[in-house]
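Heads up, the sequence shown is in the numbering used here, so the first residue is 15 and it goes up one at a time.
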Amino acid sequence: MNILLLGSGAREAAFADRILSSSRTENLFVAPGNPGTAPHNVADLNPLDFEAVAEFVDSHDVDMIVVGPEQPLVDGIADFFADRDVKIIGPSQKGAMLEGSKEFAKEFMFRHAIPTARFMTVTQDTIDEGYSFLESLTPPYVLKADGLAAGKGVLILDDVYEAKEKLSQMLEGMFGAASDTVVIEEYLHGIECSVFVITDGEDYKLLPVAKDYKRIGEGDKGPNTGGMGAVSPVPFADEEFIAKVEKSIVEPTLKGLSEEGIDYSGFIFLGLMNVEGEPMVIEYNCRMGDPETEVVLPRIESDFVDLLEGVADKTLGLKRLSVAPQAAATVILASAGYPGPYRKGDEISGLDSLPSEIKVFHAGTRRDAEGKLQTYGGRVLALTAFGDDIHSAAAKATQAAENVSFEGKQYRSDISSDLR
Ligand code: AMP
Ligand code: GLY
Numbered sequence: 015m016n017i018l019l020l021g022s023g024a025r026e027a028a029f030a031d032r033i034l035s036s037s038r039t040e041n042l043f044v045a046p047g048n049p050g051t052a053p054h055n056v057a058d059l060n061p062l063d064f065e066a067v068a069e070f071v072d073s074h075d076v077d078m079i080v081v082g083p084e085q086p087l088v089d090g091i092a093d094f095f096a097d098r099d100v101k102i103i104g105p106s107q108k109g110a111m112l113e114g115s116k117e118f119a120k121e122f123m124f125r126h127a128i129p130t131a132r133f134m135t136v137t138q139d140t141i142d143e144g145y146s147f148l149e150s151l152t153p154p155y156v157l158k159a160d161g162l163a164a165g166k167g168v169l170i171l172d173d174v175y176e177a178k179e180k181l182s183q184m185l186e187g188m189f190g191a192a193s194d195t196v197v198i199e200e201y202l203h204g205i206e207c208s209v210f211v212i213t214d215g216e217d218y219k220l221l222p223v224a225k226d227y228k229r230i231g232e233g234d235k236g237p238n239t240g241g242m243g244a245v246s247p248v249p250f251a252d253e254e255f256i257a258k259v260e261k262s263i264v265e266p267t268l269k270g271l272s273e274e275g276i277d278y279s280g281f282i283f284l285g286l287m288n289v290e291g292e293p294m295v296i297e298y299n300c301r302m303g304d305p306e307t308e309v310v311l312p313r314i315e316s317d318f319v320d321l322l323e324g325v326a327d328k329t330l331g332l333k334r335l336s337v338a339p340q341a342a343a344t345v346i347l348a349s350a351g352y353p354g355p356y357r358k359g360d361e362i363s364g365l366d367s368l369p370s371e372i373k374v375f376h377a378g379t380r381r382d383a384e385g386k387l388q389t390y391g392g393r394v395l396a397l398t399a400f401g402d403d404i405h406s407a408a409a410k411a412t413q414a415a416e417n418v419s420f421e422g423k424q425y426r427s428d429i430s431s432d433l434r
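What follows is the structure in structure tokens.
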């Protein structure tokens, strides 16, 4: 099969690794890709330009498109290709609204009695009701921009006056049009994990559970990032917890989508809070997580492309998913300044001397005119290691992170240490 993978992060590098290990793959193209996927890159193909993607599909006999990030899905790429002669992995535009609109997602969950925090949706016209709702809650206060805001649209505030002020600022365009509508939520106390569902719209399978480390600083301090590391599996997400996730969240979600006539195939990423043993949904995403993918996919032993074909052909129920017993951990190396304005163009060294068991997934890197590898994005590299448990895997990934150098390198050396 000829496969076109859309995206350019470490998530897509991890997808590329699994796709290349499949006997079903003849050619892999990655658009636009990054230096880690270099021999496969189609650097000038923009995943948001559907006509250009279609031309590439035709001219290169592409059999399957795998969509990494959310934006093309939210923009309707699956609908665009629905009637064309190519398989596409990802939900319809309506289905992608589970991620594209927090208001849609919350109302969907309430319609289908899926456990989630109480909420109210507010616009400029109903701001006074929003203020009253905030007063009825206990701190901290959660404010979410309705639309996509590159992972930055959520504010958590301790003080009700500050929460009201931020609500007003959000409605005045703090996140552009994404915050014309704001969802105010009750705060959930607990510990988070990420559950990934792969579905063909009828059957589903759960991929390995992961936990991501969102804050920049050790001990979960400092501002939120795209994710500074991840582990899989997650000790508290045991059989009993996962059985609850399936019964109270996954099954009603799939049933709800089908009852509402929403075409959904591909991945559903459930951001969950474990509230005293009960899973509650913090968010839905219509794609895989980053950096979770860098620990989830390396643990999948069965043929990944075969699974993807099951999704596209609605034969997922016939496919086998086998998961490695080893645990995996990934540590992200980030640029100086990240998650604020960050440096670019620092030379990266030490990758060649890492042990071969370390999987190196590029995120924000580039090559200079002489071919030397440099930093280019906020998150630069994801280094994944395996171990008998998440702690030994994390120790190896952290050692690897120490041994790679660039000016101002940041990483967390406490990945996994909050988990028993
Ligand atoms: P989201 O983009 O919806 O995943 O929110 C970003 C982060 O904010 C989540 O990963 C949580 O850490 C936190 N968060 C969001 N909603 C809540 C909530 N209702 N209660 C507690 N924490 C939350
Ligand atoms: N790791 C969180 C995300 O991909 O949204």
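Even for Gly, the Cβ is constructed at its ideal location relative to N, Cα and C.
Contact under 9 Å by Cβ, Ala177 with Tyr155: Taking the first residue of the sequence shown as 1, we reach residue 177 at position 163. Taking the first residue of the sequence shown as 1, we reach residue 155 at position 141. Between Ala177 and Tyr155, the C-beta spacing is below 9 Å.
Helix, strand or coil at Phe420 [DSSP, three-state]: Indexing the sequence shown from 1 puts residue 420 at position 406. Per DSSP, reduced to three states, the secondary structure at Phe420 is coil, with no helix or strand assignment.
Sub-9 Å separation of Leu18 and Ala57 beta-carbons: Translated into the one-based positions of the sequence shown, residue 18 becomes position 4. Translated into the one-based positions of the sequence shown, residue 57 becomes position 43. Taking 9 Å as the Cβ cut-off, Leu18 and Ala57 do not qualify as a contacting pair.
Thr389 classed as buried or exposed, judged by whether at least 16 other C-beta atoms fall within 10 angstroms: Here residue 389 refers to the residue found at position 375 when the sequence shown is read from its first residue. In the assembly as shown, Thr389 is a buried residue. Its beta-carbon has 16 or more other beta-carbons within 10 Å.
CB contact flag (Phe318, Thr344, <9 Å): For the purposes of this step, residue 318 is taken as residue 304 along the sequence shown, with counting starting at 1. For the purposes of this step, residue 344 is taken as residue 330 along the sequence shown, with counting starting at 1. No.
Asn288 beta carbon near the ligand AMP (any heavy atom closer than 8 Å): Taking the first residue of the sequence shown as position 1, residue 288 is located at position 274. The ligand AMP never approaches Asn288 closely enough for any of its heavy atoms to be under 8 Å from the residue's Cβ.
Where Val337 falls: helix, strand or coil (DSSP): Numbered from its first residue, the sequence shown carries residue 337 at position 323. Three-state DSSP puts Val337 in a strand.
For Gly351, the nearest candidate out of Ile256, Arg393, Glu84, Glu186 (CA to CA): Looking up residue 351 in the sequence shown gives position 337. Nearest option by C-alpha distance: Arg393.
Where Asp7 sits in the DSSP three-state scheme: For the chain, the structure presents residues 15 to 434; residue 7 sits outside this window and is missing.
Cβ distance (whole Å) where Gly167 is taken to contact Ser208 below 8 Å: Walking along the sequence shown from the start, residue 167 turns up at place 153. Walking along the sequence shown from the start, residue 208 turns up at place 194. Not quite, the Cβ-Cβ distance comes to about 18 Å (not below 8 Å), so this is no contact.
Exposed unless 16 or more other CB atoms sit within 10 angstroms - verdict on Asn288: Residue 288 sits at position 274 when you count from the first residue of the sequence shown. When all chains shown are included, Asn288 counts as buried.
Pair within 9 Å by beta-carbon distance, Phe420 and Leu347: For the purposes of this step, residue 420 is taken as the residue at position 406 of the sequence shown. For the purposes of this step, residue 347 is taken as the residue at position 333 of the sequence shown. With respect to Leu347, Phe420 sits close: the two C-beta atoms are nearer than 9 Å.
Glu4 beta carbon near the ligand GLY (any heavy atom closer than 8 Å): Not covered by the structure: residue 4. The range shown for the chain is 15 to 434.
Ala30 versus Pro266 - alpha carbon distance: For the purposes of this step, residue 30 is taken as residue 16 along the sequence shown, with counting starting at 1. For the purposes of this step, residue 266 is taken as residue 252 along the sequence shown, with counting starting at 1. Using only the alpha carbons, I get a separation of about 32 Å.
Backbone secondary structure at Ile141 - three-state DSSP: Reading the sequence shown from its first residue, position 127 is the one you call residue 141. Helix, per DSSP.
Asp97 burial status per 10 Å Cβ neighbour count (16 or more: buried): Locating residue 97 in the sequence shown gives position 83, where the first residue counts as 1. That one is exposed.
One or two residues paired with Cys207 in a DSSP bridge: Translated into positions along the sequence shown, residue 207 becomes position 193. Beta-bridge annotation (DSSP): Cys207 is paired with Leu286.
Proximity below 9 Å, CB of Ala6 to CB of Gly364: With the chain covering only 15 through 434, there is no way to say anything about residue 6.
Distance, Thr152 Cα to Leu433 Cα: Your numbering for residue 433 matches position 419 in the sequence shown. Your numbering for residue 152 matches position 138 in the sequence shown. Using only the alpha carbons, I get a separation of about 28 Å.
Option nearest Gly241 by Cα separation, candidates Ala164, Asp320, Asp99: Residue 241 sits at position 227 when you count from the first residue of the sequence shown. Measuring from the Cα of Gly241, the nearest candidate turns out to be Ala164.
Ser182: first and last residue of the uninterrupted alpha helix (DSSP H) it sits in: Numbered from its first residue, the sequence shown carries residue 182 at position 168. Note, Ser182: alpha helix (DSSP H), 174 to 185.
Cβ contact (3+ pairs, closer than 8 Å) linking the region 269 to 277 and the region 248 to 259: With the cut-off at 8 Å, the region 269 to 277 and the region 248 to 259 do not touch.
Supposed close pair Phe400, Ala407 - CB separation, criterion 8 Å: Here residue 400 corresponds to residue number 386 of the sequence shown, with the count starting at 1. Here residue 407 corresponds to residue number 393 of the sequence shown, with the count starting at 1. Indeed they touch by this definition, with Cβ atoms about 6 Å apart.
Alpha carbon of Thr39 to alpha carbon of Gln138, nearest angstrom: Locating residue 39 in the sequence shown gives position 25, counting from the first residue. Locating residue 138 in the sequence shown gives position 124, counting from the first residue. So the alpha carbons of these two residues sit roughly 51 Å apart.
C-beta contact flag for Leu387 and Thr379 at 9 Å: Locating residue 387 in the sequence shown gives position 373, where the first residue counts as 1. Locating residue 379 in the sequence shown gives position 365, where the first residue counts as 1. Going by beta carbons, Leu387 and Thr379 fall inside the 9 Å limit.
Reduced DSSP category for Ser370 - H, G, I as helix; E, B as strand; rest coil: In the sequence shown, residue 370 corresponds to position 356, counting from 1. The answer is coil: DSSP assigns Ser370 none of H, G, I, E or B.
Closer than 8 Å: Ile170 CB and nearest the ligand AMP heavy atom: Walking along the sequence shown from the start, residue 170 turns up at place 156. The beta carbon of Ile170 sits closer than 8 Å to at least one heavy atom of the ligand AMP.
Where the alpha helix (DSSP H) containing Phe250 begins and where it ends: By 1-based counting over the sequence shown, the position of residue 250 is 236. In this chain, Phe250 is not harboured by any alpha helix (DSSP H), its DSSP state being neither H nor E.
Nearest neighbour of Asn16, chosen from Ser37, Ser22, Ala24, Gly23 [CA to CA]: If you number the sequence shown from 1, residue 16 lands on position 2. That would be Ser37, whose Cα lies nearest to the Cα of Asn16.
Coarse secondary structure for Glu199, derived from DSSP in three states: For the purposes of this step, residue 199 is taken as the residue at position 185 of the sequence shown. Assignment of Glu199 by DSSP, reduced to helix, strand and coil, places it in the strand class.
Simplified DSSP state of Met123, which is helix, strand or coil: If you number the sequence shown from 1, residue 123 lands on position 109. Residue state, collapsed to three classes: helix.
Exposure label - Val304; buried when at least 16 CB within 10 Å: Numbered from 1 along the sequence shown, position 290 holds the residue referred to as residue 304. For the sequence presented, residue 304 should be read as Asp rather than Val. Burial call: buried.
Range covered by the beta strand (DSSP E) that runs through Glu65: Reading the sequence shown from its first residue, position 51 is the one you call residue 65. Looking at the DSSP string, Glu65 is not in any beta strand (DSSP E); the run it does join, the alpha helix (DSSP H), is 64 to 73.
Buried versus exposed, by CB contacts within 10 Å (16 or more), Glu216: By one-based count along the sequence shown, residue 216 stands at place 202. Result: exposed.
Ile263 beta carbon near the ligand AMP (any heavy atom closer than 8 Å): The residue labelled residue 263 in the question sits at position 249 within the sequence shown. Ile263 Cβ: outside cutoff for every heavy atom of the ligand AMP.
7 Å Cβ shell around Val309 - same chain, five flanking residues per side excluded: Here residue 309 corresponds to residue number 295 of the sequence shown, with the count starting at 1. So the list reads Ala224, Ala244, Val245, Ser246, Ala342, Ala343, Thr344, Thr398, once near-sequence residues are dropped.
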